[in-house]
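Asks: Structure incoming, see below.
In the numbering used here, the protein residues as written are 107 to 1030.
Structure follows, in structure tokens:
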């Protein structure tokens, strides 16, 4: 491309460039050369050092830094223009370059002003550390997201750590020092002089806006956010990013940046869906819709069609759609906590929160509109978002975009129409229901005043009205309800008629009402959940269905109320879990749980894994209670969930047992988890323990100690009680030598133990053991050992005696002194079926290899019959009996029964079948 052609498109479009080259002819050749290289941080820094005259970090005097930064801004602006109009720079390159420029300008302006002020008053000193204390400058909005347009304002908030005073002869307070720094920085950046300006600067996003101090201490900021922070400020702080600045040698602001992040993240991202905030966010959406009227229309009379930022289908609407999902879900899904819009949109697409085609179309619209925005601003170097009305300029704009005018108009119209429709459906896309109509806040299903509640109860509940009324009265008089604020108390009272209505529609109105009231009492201190039940009465109906069906489910929901959020998306709740997608999303979210120094936030990771486990368990519970899962399917899926959690636990814990300097780029551990018992047989229940054995295959000298340490840390990770509960109770006693043995065992030692020293009961246990997580090669070696154990020669009569003895020990260890039948431990129950199956596998697997696979008791009984070991009819009936026992055991546990026992007159035929199986195969 010739030199003249390089500048031609920009010169044809931009009056600001033509005037610049007329005033400074030497700049033309510089610009031609500059336009050939990508605009990035390295390039911009080099230009800064060239203009400054050296490449040191020394602070320039204020008058000099003003000039240098304005000249640098000119270089970046015109280079971006030329590259953009030649279509050699992407939107990401342009906004990235402007953001680098802004960070550099803020940093250098601060350094210059703070250094100058310190010469007079001394340096502000952190009273806790004795070190110099820097100002924390927070870039908000597009600066925080590194998405500045080419003629953007920059929004800043000035924060400092501790109160105190400077150390000079003319001491002043930190508050006064940082206020003066802020005041003197603004003209350096935004004042127009002969060299132009750098960035118009806006401080109005700080607490209390124009009426508040210019700089705020961290303590004051915390108090403000906790007591006064509003929903639009959550929206504003979402992109807030500290621009790292240093004016004073020896300062270390890392702890203060961490403290600021520890305030920002929970303020923006709530762990619980904040349904109290929905009305405010809807109001914010309406303010965005009307914002153009206050700005563009009032100033220019231009209608919404011409404002590509604030008008219908504009940039602001795309931002709201993406940031709404972040605000609602980002506390639960840390991977969504992205400051940049396109990265946030990508994460939402990856997490399945937004349809891929919608995400792709929004990204296309965003990039297209941002490029149009830049073209409008290049023309006269002014902050405008208004499309031209002059037909000639419209044609020139299309040409500047590299398009025919008809194509440009068609694409602009199509994309904006899509954005506008998506914006109107924002709450539906975010999973917060259909809000396309004006009435998008459902009313509670009953609006009976609390004073008339007894009459309402009488009408709805009938025979049980008196009992329900007493329960309601006790509920209202409970300490938790009496201590509520007026607003929350009124909300609870408004919900009571709806609760009565729901309970009345069940088979057990009093029991259901008691459970509903207990749940509401438990969540009453969280106004967000009261708002959920008020705003989404269909959620109350779903809660009622679940807790009326099962006291265990009721207790689970009360213990983990964040699960209420899941009930909004009922169709998703009833969909089969996609464990591959769940595992990837969990990994993404855990990767995003980091401290400001880049180290993993272990506490947050442990809580997130527990929350995820509870969510998937609740999803399966809802499906179970709706009757869409068999007991076998439930066991498979709960086992798959446990496998997923074990896999991720290895991944998270392995770096933690390494020396701190060796935690990056680690090779995966030569380590595997073997599941026994219910998890091994894929028959896991909702509250089952995990029986685990840890194996490793590593010849290094420190392997034994290292993998034992890994095992200990994993046991802690899995079973420690955190604020989100416990992941799993685990049992490690099935390892060689039990509690006296090593926590992690080498594959060779495990093989030797199993083939030479293990007890008969340990061979019984290994029949339903399997590789669950970790190194698949070790998993295969375990399977080889398992097969070897199953194929060991055995005296069938001697082994039969071993099985009988072990069965007697089981009975003695689980005495049943009631007349009821214990489904698991009594003779004729589940243990008899399991022991018979284990005996058949261990004694006849050599002759009948089909028995060697871990296929479950029912399938193994069928295979034994096909091998001629037991009568086919007896195998079929025994399998049916075992399935019946499991279903009944599961149903009893959902009803909260501590023991799986039924009256002795029930399941008589099934017991006789199992006893016949035992007598046929083992016989006492």
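Beta carbons are placed, not taken as given, at the ideal position from N, Cα and C, and that holds for glycine.
#1: Can you tell me where the alpha helix (DSSP H) holding residue 621 begins and where it ends?
#2: Whose C-beta lies closer than 7 Å to the C-beta of residue 251 among residues of the same chain, with five residues either side of it excluded?
#3: Taking the alpha carbon of residue 745 as the reference point, which residue from 775, 1008, 797 and 504 has its own alpha carbon closest?
#4: I want to know whether the stretch 914-927 touches the stretch 837-844 - three or more CB-CB distances under 8 Å.
#5: According to DSSP, is residue 469 part of a helix, a strand, or is it coil?
#6: I'd like to know whether the C-beta atoms of residue 949 and residue 888 end up nearer to each other than 8 Å.
#7: Below 8 Å, how does it come out for the stretch 421-437 and the stretch 367-378: are there three or more Cβ pairs, yes or no?
#8: So residue 230 packs on residue 270, CB below 8 Å; how close in whole Å?
#9: Just how far apart, CA to CA, sit residue 620 and residue 732?
#10: Residue 728 and residue 679 look like a contact to me (Cβ under 8 Å); what is the Cβ gap, rounded to whole Å?
#11: Could you please give the first and the last residue of the uninterrupted alpha helix (DSSP H) stretch that includes residue 851?
#12: Could you tell me the alpha carbon to alpha carbon distance between residue 593 and residue 188, rounded to whole angstroms?
#13: With DSSP as the reference, please indicate the residues paired to residue 260 in a beta bridge.
#14: Would DSSP call residue 375 helix, strand or coil?
#15: For the putative contact between residue 305 and residue 259, defined by C-beta atoms under 8 Å, what is the C-beta separation to the nearest angstrom?
#16: Quick one: using the 10 Å Cβ neighbour count with 16 as the cut-off for buried, is residue 128 buried or exposed?
#17: Using only alpha-carbon positions, find the residue among 415, 703 and 418 that is nearest to residue 368.
#18: Enumerate in chain order the residues of its own chain whose CB-to-CB distance from residue 1022 is below 7 Å, with the five nearest sequence positions on each side excluded.
#19: Please report the distance separating the alpha-carbon of residue 1024 from that of residue 1009.
#20: Looking at the structure shown, is residue 347 part of a helix, part of a strand, or coil, going by DSSP?
#21: Can you have a look at residue 1016 and say buried or exposed, based on whether 16 or more other CB atoms are within 10 angstroms of its CB?
#22: Look at residue 267 and residue 362 and say whether their C-beta atoms are less than 8 Å apart.
#23: What's the C-alpha gap between residue 701 and residue 560?
#24: With distances taken from CA atoms, which of 119, 109, 718 and 156 is nearest residue 134?
#25: Could you spell out where the beta strand (DSSP E) holding residue 823 opens and where it closes?
#26: My understanding is that residue 111 touches residue 138, with C-beta atoms under 8 Å, so please give their C-beta distance in whole angstroms.
#27: Skipping 5 residues on each side, what residues in its chain have a beta carbon closer than 6 Å to that of residue 952?
#28: Please report the distance separating the alpha-carbon of residue 126 from that of residue 180.
#29: Name the one or two DSSP bridge partners that residue 777 has.
#30: Find the nearest neighbour of residue 710 within the set 371, 1013, 597 and 332, judged by alpha-carbon distance.
#31: Counting pairs of Cβ atoms below 8 Å between the stretch 635-645 and the stretch 685-694, do you hit three or more?
#32: Assess, as a yes-or-no matter, whether the stretch 139-150 is touched by the stretch 506-525 under the definition of 3 or more beta carbon pairs within less than 8 Å.
#33: With C-beta atoms as the reference, is residue 622 less than 8 Å away from residue 652?
#34: Assuming residue 831 contacts residue 945 under a Cβ cut-off of 8 Å, what Cβ separation, rounded to an integer in Å, is found between them?
#35: Could you name the residues that DSSP lists as bridge partners for residue 880?
#36: Bridge partners of residue 413, per DSSP?
Replies: Considering the structure as presented:
#1: 615-629
#2: 345, 445, 446 and 447
#3: 797
#4: no
#5: helix
#6: no
#7: yes
#8: 7 Å
#9: 22 Å
#10: 5 Å
#11: No alpha helix (DSSP H) holds residue 851; the beta strand (DSSP E) holding it covers 850-852.
#12: 58 Å
#13: 307
#14: coil
#15: 7 Å
#16: exposed
#17: 703
#18: 980
#19: 22 Å
#20: strand
#21: buried
#22: yes
#23: 53 Å
#24: 109
#25: First-last for residue 823: 809-825, but that is the alpha helix (DSSP H), not the beta strand (DSSP E).
#26: With 8 Å as the limit, residue 111 and residue 138 do not qualify as a contact, their Cβ atoms being about 10 Å apart.
#27: 897
#28: 9 Å
#29: 802
#30: 371
#31: no
#32: no
#33: no
#34: 39 Å between Cβ atoms; not a contact.
#35: 778
#36: 492
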